[in-house]
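Beneath this line is the structure, given in structure tokens, with notes to follow.
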Amino acid sequence: MIESDEDFLIVTQIVRGEKELFRLLVKRHEKAVYGMGMSFFHNTEDASDFVQEVFLKTFRFLAGFKGQSRFSTWLYKIAYNSAINSIARKKEYQSLADKEDLQENNTPERKALKNYVREAIMEAVKDLPERFRICVDLFFFYDRSYKEIEGITQIPANTVKSHVFRAKKILRQKLIDFEGFDP
2 MIESDEDFLI VTQIVRGEKE LFRLLVKRHE KAVYGMGMSF FHNTEDASDF
52 VQEVFLKTFR FLAGFKGQSR FSTWLYKIAY NSAINSIARK KEYQSLADKE
102 DLQENNTPER KALKNYVREA IMEAVKDLPE RFRICVDLFF FYDRSYKEIE
152 GITQIPANTV KSHVFRAKKI LRQKLIDFEG FDP
């Protein structure tokens, strides 16, 4: 039995009244939801709060899961929408491209060059239309497939593919003048 089938069986049992089984779903998926929280909020406290919020919403809407997609895709959609709504309330969306490099074994010159490159990429990504930026983040930084991004954002997979392609083209053009960039 594959994991998504097991998740569906667990959901079915929870909806029928075996509410204590919800902890199994939390245990299976909390690391992924926490990772998404860290990607959006960049700190452990907000990411932990985010995990609680997502699983509370998931529990509340569990009867709405019909098994038409993998449970993880349905859960990530709830998580994604929660994160986007939270960020919209705060009005401070930051791409994962904004994440700092924590490697300490770099020389000061290397760190300065990496910061310069990161700043150029961050600025280029920030300037992308939001629909492109979201697809780029989920594809490159969250390592999600086009089909999974479709399930999370409700943007058709072919459109996601097109957005990623167009975003790469825009980024390539913006970075073409950047010293050392070789498309």
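Its first residue numbered 2, the sequence shown is counted upward by one per residue in my numbering.
Glycine residues also receive a C-beta, built at the ideal position from the N, C-alpha and C atoms.
Element boundaries [alpha helix (DSSP H), containing residue i]
i	result
F60	45 to 62
L26	23 to 42
Same chain, Cβ closer than 8 Å to residue i, five either side skipped, listed in chain order
i	result
V12	L26, L63, F66, G68, F72
K162	Y147
F133	H164, V165, R167, A168, I171
Inter-residue spacing [alpha-carbon to alpha-carbon] between residue i and residue j
i	j	result
I171	L139	17 Å
F142	F41	11 Å
K20	E110	56 Å
E7	C136	29 Å
H30	R24	10 Å
Beta-carbon proximity list for residue i, same chain, < 6 Å, skipping 5 on both sides
i	result
F56	V27
M37	A80
I85	none
Coarse secondary structure for residue i, derived from DSSP in three states
i	result
Y94	Confidence in Y94 is poor, its pLDDT being 48 and thus under 50, which makes the residue's placement unreliable; the coordinate value appears in the next sentence. Note: Y94 maps to coil in three-state DSSP.
Y143	coil
K175	helix
R132	helix
P157	coil
The segment 121 to 131 in contact with the segment 149 to 158 per 3-pair CB rule at 8 Å: Per the Cβ contact rule, the segment 121 to 131 is not in contact with the segment 149 to 158 (fewer than 3 Cβ pairs under 8 Å).
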